[in-house]
Structure formats: structure tokens, C-alpha cells
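Heads up: the sequence shown runs through residues 39 to 142, numbered per my numbering. The next block holds one structure in the form of C-alpha cells; read it before the comments.
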Amino acid sequence: MLGLLGSDFEKFSICEESWRKITTKDKVYNKCVKQIFHFDEDSEGTIKKNILESMGKSWKETRLRLYNAYFEPTFTTEQNIENRPWESIESIGDGSLTIAPKLR
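In C-alpha cells:
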């Protein structure tokens, strides 16, 4: 379940360069994770830290998989945008995959 949340690019932007720059982590943790999973918060935040690390790993792996699947290094940015598969863009939502080649 955490992997699905981490790879949901409507909740976590694919355009960010790293997981650390994602600003919606706490919002998703409070609104989604806490509603799905019931656990006692620990005083040191270990549970939250582990959950966010798991989601971050999934976000990074999915973003990299999309990059490797759809980015052609010999193409210009414009060529990569022109040759992107539309069904993949629609599955992400807002079409932000077109920005991803610039970030690697």
C-alpha cells in the first residue's frame, strides 16, 4: 500500500528533483496513511520516518522507471516530448512526465 502511495504522482510531483523537496509528504501521511493504518505514534517519530522512507523509495524507483522507459538520450527535449506515449501521460494525470527528462 505504501508503494502505491509513493508512486502516486498526483500526490507527489514527478517534477521534483528529489524526495526531500516534496512538500506534500506530511499532508499525505496525515490524510492517507493515518486513515489506512492504525498505530500509536512513537515519541521519536520512528514509525513516520520509516513510512516516509518507504514511500520515498517507491517514488524514486517509479520516477526512474518512467524516465528509463520513455526518455531517449539521443533526442532533444523537444523530440522526447513529441515522442512521449500519450497513454502514459494520461495515467499520470497532469502530463508532468514531459518535464522529467530535464531533471536527470
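Each residue gets a CB set at the ideal place from its N, CA and C atoms; glycine is no exception.
- Bounds of the alpha helix (DSSP H) holding Thr84 are Thr84 to Tyr108.
- With the rule of 3 Cβ pairs closer than 8 Å, the segment 41-53 counts as touching the segment 95-104.
- Nearest to Thr62 by alpha-carbon distance, out of Arg103, Thr114 and Leu90, is Leu90.
- If you draw a 10 Å sphere on the C-beta of Ile74, you find fewer than 16 other C-beta atoms in it, and that means exposed.
- Here Arg58 is exposed, its C-beta having fewer than 16 other C-beta atoms within 10 Å.
- Residue nearest to Lys86 within the set Phe47, Asp64, Pro111 and Glu110 is Asp64 (criterion: CA-CA distance).
- Lys49 is not a Cβ neighbour of Val71, given a cutoff of 8 Å.
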